[in-house]
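Numbering of the sequence shown is given in full-length UniProt numbering, commencing with residue 1 and proceeding in unit increments.
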Amino acid sequence: MTKQPKLVMTLLVRDEEDIVGQVLRYHLAAGVDHIIVTDNGSVDGTLDILTDFERAGALTLLREPGRNFAQGSWVTRMALMARDEYGADWILNGDADEFWLADQGDLKTALPASGEATALDCPVRNMLRGHDDDRLAPWWETMTARVARPVPFEKGMDRLHGALPAPFFYMQLGSKALVRAEGLTRVWQGNHGADHDGREADRKPGAVTVYHYPVRSRRQFWRNIRCQGAGYARNAQVGALMGWQKRRWYRMLCEDGDSARAIADALPGSRQLQADLERGVAIRDDRPARLFSAMGILDSKPPGTACHGPDSPVYAPLPRHVPPGGVVGMET
């Protein structure tokens with residue numbers, strides 16, 4: 001019988017209490033064997049959620065007090081730990097607002113045989129809501145739209161100060177990389193790539209899609225930009241265009257004293273989004289929401305703990321892996 005590869009996930013988080021529990025539960029049920037998390041000074045309920053999962057043995061928790069958002073260095077540290085201390089064969093360097101969905105089966109079924117590639121190129125789908133949508137419903141109910149055809153950037157445009165041709169999350173943004181552990185030397189800032197043996201990883205198209213839920217509320221957006229934008233401003237080790245959108249929105253926030261202009265730069269208004277849905281510029285994509293509901297992960301408790309009382313279907317442990325053809329492979 002062929003031995004399955006060991007898949008370890010890394011996460012860098014700060015103040016993500018509204019989504020991080022679902023991210024952890026989903027990936028543990030979808031083929032991830034262990035998760036290494038670096039908390040960068042959360043002050044909401046994020047640490048409580050993480051320590052629950054730590055006590056359950058599902059994750060290793062690190063604390064990073066730095067305020068210069070040295071994401072590449074911090075994620076590289078976790079990735080090398082995943083390989084050297086936890087025996088990872090493949091490493092998924094995710095963000096706390098991302099769900100990595102295999103096209104079929106669980107995430108391990110998407111991993112290539114030994115030697116085929118050092119990284120899988122995974123497209124990102126940015127999920128949308130109107131920037132003026134003030135509903136109190138959870139993100140998985142309000143964020144079921146995405147742009148149909150991402151808009152390319154104009155060559156030579158001033159990304160820090162110039163006008164965008166469309167809301168930022170309509171734009172053609174970078175893919176993510178699921179990386180082989182052997183030979184890994186560095187993870188790039190933003191988790192968009194990696195180096196193996198000192199060279200850029202040899203990437204091949206992967207059968208994994210990343211669903212990204214970046215702006216779940218105005219308050220969460222403001223807090224994220226305030227922290228990461230200030231962090232990039234303090235970090236002299238990365239280029240001036242690294243994290244350019246966070247720098248751009250942080251400048252707007254500082255100039256205006258509020259996030260109204262910045263969030264309107266990131267997302268369409270509700271009327272525009274509805275019009276774009278009617279015109280086919282945007283489309284409904286509820287695959288993740290249906291999947292999460294079917295898997296019973298729409299709470300923030302670790303596997304095997306009571307969430308809504310003993311009669312709840314999430315009282316029992318989640319399946320460690322979803323078999324090929326199971327709910328992770330639900331058709332869109």
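Ideal placement from N, C-alpha and C gives every residue a C-beta, glycine not left out.
Does residue i come out as helix, strand or coil in the three-state DSSP assignment?
i      : result
Met143 : coil
Ile19  : coil
Tyr232 : helix
His192 : coil
Pro112 : coil
Met252 : helix
Met127 : coil
Glu182 : coil
Tyr211 : strand
Met295 : helix
His161 : coil
Arg199 : strand
Leu120 : strand
Val75  : helix
Ala177 : strand
I'd like the list of long-range same chain contacts for residue i, defined as Cβ closer than 7 Å, with 5 residues on each side in sequence excluded.
i      : result
Ala79  : Thr10, Ile91, Asn93, Leu184 and Val187
Pro165 : Val151 and Glu154
Asp195 : Thr185, Arg186 and Ala201
Please report the Cβ distance between residue i and residue j, rounded to the nearest whole angstrom; I am assuming they are in contact, meaning their Cβ atoms lie under 8 Å.
i      : j      : result
Gly130 : Gly280 : About 18 Å separates the two Cβ atoms, so there is no contact after all.
Trp139 : Tyr213 : 5 Å
Thr118 : Arg77  : In fact, because the Cβ distance is near 19 Å, the residues do not count as touching under 8 Å.
Leu267 : Val215 : 6 Å
Asp97  : Ile49  : About 14 Å; that fails the 8 Å criterion.
Gly193 : Glu200 : 7 Å
Arg247 : Tyr232 : 5 Å
Leu136 : Ala282 : 23 Å between Cβ atoms; not a contact.
His245 : Phe168 : The residue you asked about is not His; residue 245 is Gln in the sequence shown. Confirmed, about 6 Å.
Leu277 : Arg287 : Not confirmed; about 16 Å, so no contact.
Which residues in the same chain have their Cβ closer than 8 Å to the Cβ of residue i, if we skip the five residues on either side of it in sequence?
i      : result
Asp134 : Arg218
Gly45  : Glu17
Glu54  : Thr60 and Leu61
Gly325 : Its pLDDT being 29, under 50, Gly325 is placed unreliably by the model, and the measurement read from it follows with that caveat. Excluding sequence neighbours, Gly325 sits near Gln104 and Gly105.
Val13  : Val20, Val37, Thr38, Asp39, Asn40, Ser42, Thr46, Leu50 and Ala96
Asn191 : Gln71, Val75, Asn93, Gly94, Asp95, Lys176 and Ala177
Ala289 : Trp140, Glu141 and Thr144
Lys204 : Pro112, Glu116, Ala117, Ala119, Leu120 and Asp121
Can you give me the Cβ contacts of residue i inside the same chain, cut-off strictly under 6 Å, excluding the 5 residues immediately before and after it?
i           : result
Trp249      : Ile225 and Ala262
residue 371 : Absent from the structure is residue 371, since the part of the chain shown begins at 1 and ends at 332.
Tyr170      : Val147 and Val151
Lys6        : Asp33, Gly87, Ala88 and Asp89
Trp222      : Ser259
Val210      : Glu98, Trp100, Cys122, Val124 and Lys176
Tyr26       : Phe99 and Ile297
Glu141      : none
Gln4        : Lys108
Can you list the alpha helix (DSSP H) stretches of 4 or more residues lying completely in the segment 36 to 73, in chain order?
-> 46 to 55
Just list the beta strand (DSSP E) runs in the segment 77 to 108, keeping only unbroken ones of 3 residues or longer that don't cross its boundaries, in chain order.
-> 90 to 95 and 98 to 102
Taking one C-beta from the segment 122 to 129 and one from the segment 171 to 178 each time, how about it: are there three or more such pairs within less than 8 Å?
-> yes
Taking one C-beta from the segment 133 to 152 and one from the segment 32 to 41 each time, how about it: are there three or more such pairs within less than 8 Å?
-> no
Three or more C-beta pairs below 8 Å linking the segment 102 to 110 and the segment 22 to 34 = yes
At which residue ranges does the segment 243 to 287 contain complete alpha helix (DSSP H) runs of 4 or more residues, listed in the order of the chain?
-> 244 to 256, 260 to 266 and 270 to 279
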